Every structure is written in structure tokens, then in C-alpha cells.
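Which chain is which? The protein sequence lines are A and B, in order. Here full-length UniProt numbering is used: the first residue of the first sequence is 1, the next is one more, and so on. Here full-length UniProt numbering is used: the first residue of the second sequence is 1, the next is one more, and so on. Virtual Cβ for every residue (Gly too), placed ideally from N, Cα, C. Values in this document were obtained by computation on a predicted structure and should not be read as measured data.
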Amino acid sequence: MISNYYILNVLRFILLVLVQVLVFNRLNFFGFINPMVYILFLYWYPIKENRAAFIGLGFLLGLAIDFFSDTMAIHTASTITIAYIRPAIMRFVFGVNFEFQSFKLSNTTQVQQITFLTLLILVHHLVFFTLEIFSLANFLLVLKKVLATGAATLILCLLFGSLFSVRKE
Amino acid sequence: MQQIINFIIRYKNFLLYILLMIISLGFTIQSHSYHQSRFFNSSNWVTGNILRTSNNVTTYFGLDLENQRLMEENERLRYLLFNRSSLDTLALDSVQQTYTVTTGKVIKNSYAHPRNYITINQGEKDSVKPDMGVITSKGILGIVENVSNNFATVQSILNEKSNINAKIKNTDHFGSLVWDMKRFDVVQLVDIPRLVPLTIGDTIVTGGMSSIFPEGIPIGTIRKFDLNSSQSFYSIDVTLFNDMTNIKNVYIVNNRFREEILELQNQTEADDK
């Protein structure tokens, strides 16, 4: 069972990176919207795991995307940020339930799941576009990109989420 | 000592986060100041090969259009060739030519970011080196930035770091071509003096000041122009000839005398000090 579970995560990692760089990086919807569906990896990743390992994985994921998209280390900075603050977001969204041993993402309500995903995407995109544009003078541009790309990412992530739902073990 | 260790253990996640953040910010800022990082680019072996494989598949979908474009270019070049007054083969001797040209194919294109890089399938093995110019049949595309064995990344003109010498066709008034990160079909030409007569629709071509591009490579046409805040220079919006969203075949231009020119310029600057 354990090895099964590692294989699942490794496969997920590779497939999400490939889907991101080969399909979604080339989408350029309206000329600038490139949804970042690889966030799903950090959303799906098991909750009970070691936090340090999770941040490390976030680093690797960001790095892999950065290599393909020539974006220096901006994706990396955003993925480690959401990997680090994910427990805080979960506590905010799921309340004390999150502390229980029996807690599972699939047992929560749909609204909670969507809120959780939205917050992850929002934080990720804010860090990403702030670093990418790197100037306060263009703050409106940052906001526009965060909202537009964030909405596209959310919709696609929800679609992917319902296609490949987390296995109910 | 015990307390320090306790502190590290308690905050190990936070410390790890800070450490990784510093690493990634370090990479980012390093490339803000000068060249793109040597490691963070898609010209390395793994990414290059994956992108090439994907490109091998998708390239078939645009084959018709691409053939037509190449035919049009051939037609134009044939026209020039047939109408040359003398066909002296002596003038075609490669020793006498300043520029050499190699062809390449785009395997990754991007235009939605503030810093766009294009990856092409020619590298060190095909004697492509950093700072060579890259053009298409319609106009200018960018400058080679990083090179691996089989691939190279090109800093597109749609990059906030891009700065290329350009001039108004048939005059010698030159300025710098930059990008304001807003639209992928419009770039800006700055530092053209106020006294220059301009008309909307004038053609902009590369200037002879750079040792990268030959003089007179088409760039685009004037879309609109305004005086800048100091009221003494124009700031011009240029509509590109190239459709930056749809690029396949490129030409890499090498100036044989670039090193000689740079050496001379450096020497002159050093003498000044």
C-alpha cells in the first residue's frame, strides 16, 4: 500500500509538470492567461506528511516548472510559499476538524474544498506576479493578472479535480 | 547550546522555508541584474529534448502555412537575385562576407510574460554563440542569450531587458527599441529627437550601430508617437511585422567582425580612463 502511494505521488508530479509545460504554458488565452494547474499537486498532497518534506517537494516542483518556462526561480518562490502556509490556510478553512487523525480532504464539504483551493491559488499568484513584474508602479497590472489568471486556474483545477478525484481509501 | 538546538528543531520548517526562499530569490535577482541564470533556462539537455519531442509532434499542424511563408520569402529573394545587375561570383566568396546565416526552428515560444525567452533547436554544435542576432523572414526576433550543446535560448524583443539599436528607414536618426510589457504586437522606440519629421506608418529598421544585427532588418511600422516628459524626444509605438505568437523558422545571424569591434571599443573606453 505504501509503495502504491509513493508511485501515485511521483506519477502525479511528473504528469502535472508535463501537462503544465506542454499544454497550459502555451495556452495564452486572451494573449496573457496561462493557467497554472500544477498547484493541484500541492492541493492533493496528503495532509499527514512531514512538513519539511512537503516544502522540499514544493521546491522541486517549482524548479521543474522554472526550467521549462525560463522564468528564473519565480515559480519556485511561489510554490514554497504555499507549501509553507498550507497548514495555516487549512486551519482557517476547516477549523479544528483539521487537527483530528481521521481528517480527510474528501470528507469535507464542497464549499470548504473550493475555498481552500481558491486561497492557495490566490497566494501563489500574488507571489508569482509580484516577483515577475517586480515593480510597485505596475500594481494594477499585477492585480489584473492575478485575478484573470487565478480565475482560469481555479476553473481548470476544479475540472481536473472532478475528473481525477482523490481516491477514497 | 541546548536552547539553540531546541530553537532550530522547533522552527525547522520556517528556517527551511526561509533558506529555500533566499535561494530562489537569489536566482531571480541575480538574473535581474545581468544575464539570465546559467542554470535556469530551457536550453539544457532534459528540457530541450522534451520540448523538441513535443515540437516534433505539433509542428505538423502548421506545415501548410509555414511552407507558404517560405515560398513567399524565396519568391522575394529570387526577385532580388534576378534583378541584380551583375552576378559576380567573386563577391560571394565567404572570406569577403561580414555576416553568416544559419537556420533554426523554434521549439518553445512565449510572449505573455514580462521577460520572454524563445528556445531554438540550434546550439554550440552548430556554432551558435551568445549574442548572435535572430531574425525571421519578416523581421527581427531577438538575441541569443544562453547556449547548450544542442539548443539555445533567445531573449525575445518582447523582454523588458531587451534594448536594440533601431532607426527610421532611409534616415540616420536612431534610437533604442524597448518593450513596455503591455502588448505582444507593439514595442517602443525611444530617444528619437524632436526635430525628426515622423508620419504614422513609417517603417522602422535595425540601425547600423549594433554589432549584432546587420543594418536594415525590418522591425515594424509607426503606430503612434508622442513627445516624452522632457518634451525633447519622441516615444514611438511600433507595430511589429512579425506575428510573435506564431513563429517557426528562424535565421541566426553572425557578425564575423563582432569580436574585433568589441575589442576596439573596450580598448578605447579603457584609454579614456
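Report yes if the C-beta distance between residue i and residue j is below 9 angstroms; otherwise report no.
| i | j | result |
| --- | --- | --- |
| residue 119 of chain B | residue 106 of chain B | yes |
| residue 24 of chain B | residue 62 of chain A | yes |
| residue 233 of chain B | residue 197 of chain B | no |
| residue 67 of chain A | residue 83 of chain A | no |
| residue 123 of chain B | residue 151 of chain B | yes |
| residue 125 of chain A | residue 144 of chain A | no |
| residue 212 of chain B | residue 187 of chain B | no |
| residue 191 of chain B | residue 169 of chain B | no |
| residue 163 of chain A | residue 114 of chain A | no |
In angstroms, rounded to a whole number, what distance separates the CA positions of residue i and residue j?
| i | j | result |
| --- | --- | --- |
| residue 143 of chain B | residue 183 of chain B | 20 angstroms |
| residue 160 of chain B | residue 114 of chain B | 6 angstroms |
| residue 169 of chain A | residue 181 of chain B | Because the pLDDT of residue 169 of chain A is 42, which lies under 50, any placement of that residue in the model is unreliable, and the question is left without a value. |
| residue 30 of chain A | residue 265 of chain B | 44 angstroms |
| residue 26 of chain B | residue 130 of chain A | 16 angstroms |
| residue 189 of chain B | residue 51 of chain B | 33 angstroms |
| residue 214 of chain B | residue 104 of chain B | 18 angstroms |
| residue 167 of chain B | residue 178 of chain B | 13 angstroms |
| residue 66 of chain B | residue 39 of chain A | 36 angstroms |
| residue 9 of chain A | residue 53 of chain B | 25 angstroms |
| residue 15 of chain A | residue 16 of chain B | 27 angstroms |
| residue 4 of chain A | residue 50 of chain A | 18 angstroms |
| residue 22 of chain A | residue 57 of chain B | 11 angstroms |
| residue 79 of chain B | residue 28 of chain A | 37 angstroms |
| residue 121 of chain B | residue 47 of chain B | 12 angstroms |
| residue 20 of chain A | residue 263 of chain B | 44 angstroms |
| residue 60 of chain B | residue 267 of chain B | 50 angstroms |
| residue 138 of chain A | residue 132 of chain A | 11 angstroms |
| residue 75 of chain B | residue 84 of chain B | 14 angstroms |
| residue 269 of chain B | residue 44 of chain B | 35 angstroms |
| residue 293 of chain B | residue 73 of chain B | Residue 293 of chain B cannot be examined here, being either before or after the span of chain B that is shown, 1 to 273. |
| residue 25 of chain A | residue 136 of chain A | 25 angstroms |
| residue 173 of chain B | residue 226 of chain B | 16 angstroms |
| residue 140 of chain A | residue 185 of chain B | 21 angstroms |
| residue 161 of chain A | residue 91 of chain A | 21 angstroms |
| residue 64 of chain B | residue 71 of chain B | 11 angstroms |
| residue 271 of chain B | residue 165 of chain B | 25 angstroms |
Between residue i and residue j, which are expected to be in contact by the criterion C-beta below 8 angstroms, what is the C-beta distance as a whole number of angstroms?
| i | j | result |
| --- | --- | --- |
| residue 128 of chain B | residue 252 of chain B | 6 angstroms |
| residue 134 of chain A | residue 78 of chain A | Incorrect: roughly 14 angstroms between the Cβ atoms, too far for contact. |
| residue 147 of chain A | residue 43 of chain A | The Cβ separation is near 20 angstroms, so there is no contact. |
| residue 142 of chain A | residue 116 of chain A | Not really, about 23 angstroms apart at Cβ, beyond 8 angstroms. |
| residue 154 of chain B | residue 117 of chain B | 7 angstroms |
| residue 135 of chain B | residue 250 of chain B | 7 angstroms |
| residue 12 of chain A | residue 54 of chain A | Not confirmed; about 14 angstroms, so no contact. |
| residue 163 of chain B | residue 125 of chain B | Contact flag wrong, Cβ pair sits at about 29 angstroms. |
| residue 52 of chain A | residue 138 of chain B | So it is not a contact: roughly 52 angstroms between Cβ atoms. |
| residue 123 of chain A | residue 64 of chain A | That belief does not hold up - the Cβ atoms of residue 123 of chain A and residue 64 of chain A are roughly 20 angstroms apart, past 8 angstroms. |
| residue 238 of chain B | residue 261 of chain B | Not really, about 26 angstroms apart at Cβ, beyond 8 angstroms. |
Return the residue from the list the options that minimises the CA-CA distance to residue i.
| i | options | result |
| --- | --- | --- |
| residue 108 of chain B | B/3, B/254, B/248 and B/79 | B/248 |
| residue 209 of chain B | B/175, B/271 and B/131 | B/175 |
| residue 255 of chain B | B/168, B/101 and B/207 | B/101 |
| residue 20 of chain B | A/4, A/26, A/161 and A/81 | A/81 |
| residue 246 of chain B | B/69, B/169, B/270 and B/238 | B/69 |
| residue 47 of chain A | A/104, A/125, A/7 and A/9 | A/104 |
| residue 118 of chain A | A/137, A/12 and A/37 | A/37 |
| residue 28 of chain B | A/72, A/20 and A/24 | A/72 |
| residue 7 of chain A | A/26, A/45 and A/64 | A/45 |
| residue 258 of chain B | B/131, B/141 and B/237 | B/131 |
| residue 76 of chain A | B/18, B/172, B/61 and B/235 | B/18 |
| residue 171 of chain B | B/60, B/141 and B/207 | B/207 |
| residue 70 of chain A | B/145, B/226 and B/75 | B/145 |
| residue 236 of chain B | B/272, B/2 and B/224 | B/224 |
| residue 231 of chain B | B/195, B/3 and B/199 | B/195 |
Tell me whether residue i, by its Cβ, gets closer than 8 angstroms to a heavy atom of the ligand FMN.
| i | result |
| --- | --- |
| residue 206 of chain B | As presented, the structure is devoid of all ligands, the ligand FMN included, so that no description of it is given. |
Within the chosen definition, does the segment 103-114 of chain A reach the segment 76-88 of chain A through at least 3 CB pairs nearer than 8 angstroms?
no
Three CB pairs or more closer than 8 angstroms across the segment 206-222 of chain B and the segment 230-244 of chain B:
yes
Does the segment 33-45 of chain A touch the segment 148-157 of chain A, meaning 3 or more C-beta pairs lie closer than 8 angstroms?
yes
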